[in-house]
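Chemist: Could you have a look at this structure, given as structure tokens, before my questions?
Number of protein chains: 2
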Amino acid sequence: MNIGEASNATGVSAKMIRYYESIGLIRAPLRTGSNYRVYGEDEVHVLRFVKRARTLGFSVEETATLLGLWQDKTRASAEVKEVATSHIEALETKIAELQGMVKTLKHLAHCCGGDNRPDCPILDDLAGEHPTTKGH
Amino acid sequence: MNIGEASNATGVSAKMIRYYESIGLIRAPLRTGSNYRVYGEDEVHVLRFVKRARTLGFSVEETATLLGLWQDKTRASAEVKEVATSHIEALETKIAELQGMVKTLKHLAHCCGGDNRPDCPILDDLAGEHPTTKGH
DNA sequence: CCTTGACCTTCCCATCATTGGAACCTTTAT
DNA sequence: ATAAAGGTTCCAATGATGGGAAGGTCAAGG
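Protein chains in written order, with this note's numbering: chain B, 62 to 197; chain W, 62 to 197.
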């Protein structure tokens with residue numbers, strides 16, 4: 062299997078496969094006589110693991126940790142749970158931040174007539190003037 | 062007011078002030094004889110506007126649009142509302158994605174004993190094997 | 001046999017927003 | 001006079017990915 066087929070089989074672009082190899086996330090595969098990378102079932106499995114972890118929002122570094130734990134036969138599941146749990150916390154913090162932004166923006170947009178008058182509470186808020194958002 | 066004072070007054074780092082100037086987000090200020098940037102009330106006001114917009118998650122490009130609308134006396138508040146509303150939508154999409162990740166991860170962590178057995182449903186899921194998550 | 005097109009290789013550049021640092025100059029305070 | 005603190009420019013790095021150029025390789029069809 063060459064890199065294009067491995068890419069199709071895993072959903073990881075050929076570019077990214079080479080990149081993951083270059084940063085040491087995955088091991089360099091064998092090469093053909095004409096220097097093409099050759100992938101087998103094991104490599105595809107690893108790539109799918111990486112793809113899934115990235116889809117779940119793990120950073121490449123976290124993915125490397127999880128991959129190490131996955132391939133370590135003596136690993137403790139507690140360690141994995143810890144990585145996952147701290148990732149959940151980070152995600153929830155991010156979500157709360159985004160929700161705060163949305164709340165503020167919705168409030169501003171609600172106060173904004175959306176008509177053609179030049180008064181605009183959104184711009185006023187951004188500018189640090191709060192006359193129109195008081196008492197709401 | 063030099064760049065350090067402007068930075069303290071606005072919470073925008075001196076580095077970023079120079080950067081915003083270099084990309085044309087803000088105008089180049091006057092200079093002293095010794096080539097120091099000089100900032101006045103207007104410039105500080107602009108920087109605060111930028112800071113607030115960035116804090117609310119607007120990209121630098123969106124911030125530039127908002128800044129333009131703010132400084133345009135003939136602007137329509139409808140335009141501003143449109144920028145804000147589409148930004149809200151983008152944020153909500155992002156939130157939904159993150160919530161999906163959290164849900165999956167919580168499910169996996171819940172199924173994970175967190176003890177020292179090498180079996181780990183989280184890793185099994187990442188690897189694409191779903192025997193332990195079935196029927197839950 | 002030769003061409004064409006699809007695929008592979010490496011290498012460099014761009015993105016987005018921000019930070020860090022080097023090398024050097026200016027101002028202020030001791 | 002000197003040292004500290006601040007300014008200036010320029011270059012590089014981050015994280016993850018995409019784009020593309022220049023060139024080698026393979027398969028199918030004429």
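Heads up, the beta-carbon is just placed ideally off N, CA and C, and yes, glycines get one too.
Do Leu130(B) and Val141(B) count as a contact pair if the criterion is CB distance below 7 Å?
Modeler: Walking along the first sequence from the start, residue 141(B) turns up at place 80. Walking along the first sequence from the start, residue 130(B) turns up at place 69. Result yes, Cβ atoms of Val141(B) and Leu130(B) sit closer than 7 Å.
Chemist: Can you give me the C-alpha to C-alpha distance between Val163(B) and Gly118(W), rounded to a whole angstrom?
Modeler: Taking the first residue of the first sequence as position 1, residue 163(B) is located at position 102. Taking the first residue of the second sequence as position 1, residue 118(W) is located at position 57. Whole-angstrom Cα-Cα distance: 9 Å.
Chemist: Assuming Val111(W) contacts Thr126(W) (C-beta within less than 8 Å), just tell me the rounded distance between them.
Modeler: To locate residue 111(W), count along the second sequence from 1; it is residue 50. To locate residue 126(W), count along the second sequence from 1; it is residue 65. That pair is no contact at about 12 Å.
Chemist: How many Å lie between Leu169(W) and Glu158(W) at the Cα?
Modeler: In the second sequence, the residue the question calls residue 169(W) occupies position 108. In the second sequence, the residue the question calls residue 158(W) occupies position 97. So the alpha carbons of these two residues sit roughly 17 Å apart.
Chemist: Apart from the five residues just before and just after Glu123(B), which ones in its own chain have a Cβ nearer than 8 Å to its Cβ?
Modeler: To locate residue 123(B), count along the first sequence from 1; it is residue 62. Once the five neighbours on either side are set aside, the close Cβ partners of Glu123(B) are Ala114, Val144 and His148.
Chemist: Under 7 Å between C-beta atoms, does Gly189(W) make it to chain B?
Modeler: Position 128 of the second sequence, counted from the start, is the residue given in the question as residue 189(W). It does; some Cβ of chain B falls within 7 Å.
Chemist: If you run the structure through DSSP and keep just helix, strand and coil, what is Arg98(B)?
Modeler: As a position in the first sequence, residue 98(B) is number 37, starting the count at 1. Looking at Arg98(B) - three-state DSSP - the assignment turns out to be strand.
Chemist: What is the rounded straight-line gap between the Cα of Ala139(W) and the Cα of Tyr100(W)?
Modeler: The residue labelled residue 139(W) in the question sits at position 78 within the second sequence. The residue labelled residue 100(W) in the question sits at position 39 within the second sequence. Spanning the two alpha carbons is a distance of roughly 32 Å.
Chemist: So Leu108(B) contacts chain W; which residues on that side make the cut at Cβ distance below 8 Å?
Modeler: Position 47 of the first sequence, counted from the start, is the residue given in the question as residue 108(B). Those within 8 Å of Leu108(B) in chain W number zero; the least Cβ separation is about 11 Å.
Chemist: Got a sec: which bits of the stretch 150-169 of chain B sit with their beta carbon under 7 Å from any beta carbon on chain W, in order along the chain?
Modeler: Against chain W - using a Cβ distance shorter than 7 Å - the residues of the stretch 150-169 of chain B are Leu152, Glu153, Lys155, Ile156, Leu159, Gln160, Met162, Val163, Thr165, Leu166, Lys167 and Leu169.
Chemist: On the premise that Val105(B) lies in contact with Thr71(B), defined as a C-beta separation below 8 Å, what is that separation, rounded to the nearest angstrom?
Modeler: Start at 1 with the first residue of the first sequence, and residue 71(B) comes out as number 10. Start at 1 with the first residue of the first sequence, and residue 105(B) comes out as number 44. Right, the Cβ-Cβ distance comes to about 6 Å (below 8 Å), so this counts as a contact.
Chemist: Using a Cβ cut-off of 7 Å, pull out every chain W residue sitting near Ala145(B), in sequence order please.
Modeler: On the first sequence, position 84 is the one that residue 145(B) refers to. Chain order gives the chain W residues near Ala145(B) as Leu166, Leu169, Ala170 and Ile183, where near means a beta carbon separation below 7 Å.
Chemist: Assign Arg88(B) to one of three DSSP states: helix, strand, or coil.
Modeler: Numbered from 1 along the first sequence, position 27 holds the residue referred to as residue 88(B). Looking at Arg88(B) - three-state DSSP - the assignment turns out to be coil, as it is neither helix nor strand.
Chemist: What residue does the alpha helix (DSSP H) around Thr93(B) start on, and which one ends it?
Modeler: The residue labelled residue 93(B) in the question sits at position 32 within the first sequence. From DSSP, Thr93(B) is part of no alpha helix (DSSP H); its letter is neither H nor E.
Chemist: Hey, Asn63(W) and Tyr97(W): beta-carbon distance below 7 Å or not?
Modeler: Numbered from 1 along the second sequence, position 2 holds the residue referred to as residue 63(W). Numbered from 1 along the second sequence, position 36 holds the residue referred to as residue 97(W). Cβ atoms of Asn63(W) and Tyr97(W): closer than 7 Å.
Chemist: Anyone know if the C-beta pair for Val107(B) and Ile87(B) falls short of 7 Å?
Modeler: Along the first sequence, one-based indexing puts residue 107(B) at 46. Along the first sequence, one-based indexing puts residue 87(B) at 26. By the CB criterion at 7 Å, Val107(B) and Ile87(B) fall inside the cutoff.
Chemist: With 16 as the cutoff for other CB atoms within 10 Å, does Ile183(B) come out buried or exposed?
Modeler: Within the first sequence, residue 183(B) is the residue found at index 122, counting from 1. Counting every other CB atom within 10 Å of its CB across the protein chains shown gives Ile183(B) a total of 16 or more, marking it as buried.
Chemist: Cβ of Arg113(B) less than 7 Å from any chain W Cβ?
Modeler: In the first sequence, counting from the first residue as 1, residue 113(B) sits at position 52. So yes, Arg113(B) belongs to the interface.
Chemist: Does any residue of chain W have a CB that is nearer than 7 Å to the CB of Ser120(B)?
Modeler: The residue labelled residue 120(B) in the question sits at position 59 within the first sequence. Taking a beta-carbon distance threshold of 7 Å, Ser120(B) does not count as an interface residue toward chain W.
Chemist: Would you kindly work out how many angstroms separate the C-alpha atoms of Thr116(W) and Thr165(B), rounded to a whole number?
Modeler: Along the second sequence, read from residue 1 onward, the residue named residue 116(W) stands at position 55. Along the first sequence, read from residue 1 onward, the residue named residue 165(B) stands at position 104. So the alpha carbons of these two residues sit roughly 11 Å apart.
Chemist: If we count the other Cβ atoms within 10 Å of its Cβ and call it buried at 16 or more, is Ala89(W) buried or exposed?
Modeler: The residue you call residue 89(W) lines up with position 28 of the second sequence. Classification of Ala89(W): exposed, given that the 10 Å Cβ count is below 16.
Chemist: On the DSSP letters alone, give me the boundaries of the alpha helix (DSSP H) that Asn204(B) sits inside.
Modeler: With chain B represented from 62 up to 197, any question about residue 204(B) goes unanswered, as that position is not in the structure.
Chemist: Using beta carbons (cut-off 7 Å, strictly below), is Leu117(B) in contact with chain W?
Modeler: Along the first sequence, one-based indexing puts residue 117(B) at 56. Judged by the 7 Å Cβ criterion, Leu117(B) is in contact with chain W.
Chemist: Mind checking if Lys76(B) is an interface residue toward chain W, Cβ cutoff 7 Å exclusive?
Modeler: Counting from one through the first sequence, the residue named residue 76(B) turns up at place 15. No, its Cβ sits nowhere closer than 7 Å to a Cβ of chain W.
Chemist: Any heavy atom of the ligand FMN closer than 6 Å to the CB of Glu158(W)?
Modeler: The ligand FMN is not part of the structure shown, which contains no ligands of any sort.
Chemist: For Phe110(W), which of helix, strand or coil comes out of DSSP?
Modeler: Residue numbering aside, residue 110(W) sits at position 49 when the second sequence is read from its first letter. Helix, per DSSP.
Chemist: Between Leu152(W) and the rest of its own chain, which residues show a CB-CB distance below 8 Å, the 5 nearest in sequence each way excluded?
Modeler: As a first step, residue 152(W) is located in the second sequence; it is residue number 91 there, counting from the start. Only Gly118 meet the Cβ criterion.
Chemist: Would you kindly report the start and end of the unbroken alpha helix (DSSP H) that includes Leu127(W)?
Modeler: Looking up residue 127(W) in the second sequence gives position 66. Segment Val121 to Gln132, the alpha helix (DSSP H) holding Leu127(W).
Chemist: Cβ closer than 8 Å: which chain B residues qualify as neighbours of Leu130(W)?
Modeler: Position 69 of the second sequence holds residue 130(W). Correct list: Cys181 and Leu184.
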